[in-house]
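First the structure, in the form of C-alpha cells, and then the observations on it.
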Amino acid sequence: MWLAIAALVLWLGGYAVLCAVKPFAPCRKCHGMAEVQRFGKPRLCPRCHGQRLRLRVGRRAHNAWRRTQQAGSR
Numbered sequence: 584m585w586l587a588i589a590a591l592v593l594w595l596g597g598y599a600v601l602c603a604v605k606p607f608a609p610c611r612k613c614h615g616m617a618e619v620q621r622f623g624k625p626r627l628c629p630r631c632h633g634q635r636l637r638l639r640v641g642r643r644a645h646n647a648w649r650r651t652q653q654a655g656s657r
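Below is the structure:
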C-alpha cells in the first residue's frame, strides 16, 4: 500500500516538473506533423490548426488554478 502511494506521489511530482519545464506536447491527432490524411489528401490538422503543439493537461489545470486564485484575491 505504501509503495503504491509513494509511486503515485513520485509520478505526480515528475509530471508536475515536466509540465513546468516543457508545458507543450505534440498534438495527439497529427503527432506533431501539422497534417493529417483526409480522404487521401494531406490537410491541415483540425485539432492544432497546424501549430503542432498542445498544452499539457497538467499545465492547463495549473493555469486554471492560478486564474481562480488571482480572481479570488482581488
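Residues 584 to 657 in our numbering are what the sequence shown lists, from first letter to last. Yeah, the Cβ is synthetic: ideal placement off N, Cα and C, and Gly gets one too.
C-alpha gap between residue i and residue j, whole angstroms
i: residue 611; j: residue 656; result: 36 angstroms
i: residue 619; j: residue 586; result: 42 angstroms
i: residue 658; j: residue 615; result: Because the chain here runs from 584 to 657, residue 658 falls outside it and cannot be looked at.
Residue i Cβ short of 7 angstroms to the ligand FAD heavy atom set
i: residue 648; result: By its list of ligands, the structure shown contains no ligand whatsoever, and the ligand FAD lies outside what it can speak to.
Cβ-based neighbour list, residue i, same chain, cut-off 8 angstroms, excluding 5 preceding and 5 following
i: residue 606; result: 638, 639, 642
Neighbourhood of residue i by C-beta distance below 6 angstroms, restricted to the same chain and skipping five residues each side
i: residue 617; result: 628, 633, 635
Span of the beta strand (DSSP E), counted from its first residue to its last, around residue i
i: residue 620; result: 618 to 621
Review point. Which parts of the region 594 to 644 are runs of the alpha helix (DSSP H), unbroken and 4 residues or longer, counting only runs that do not cross its ends?
Key: none
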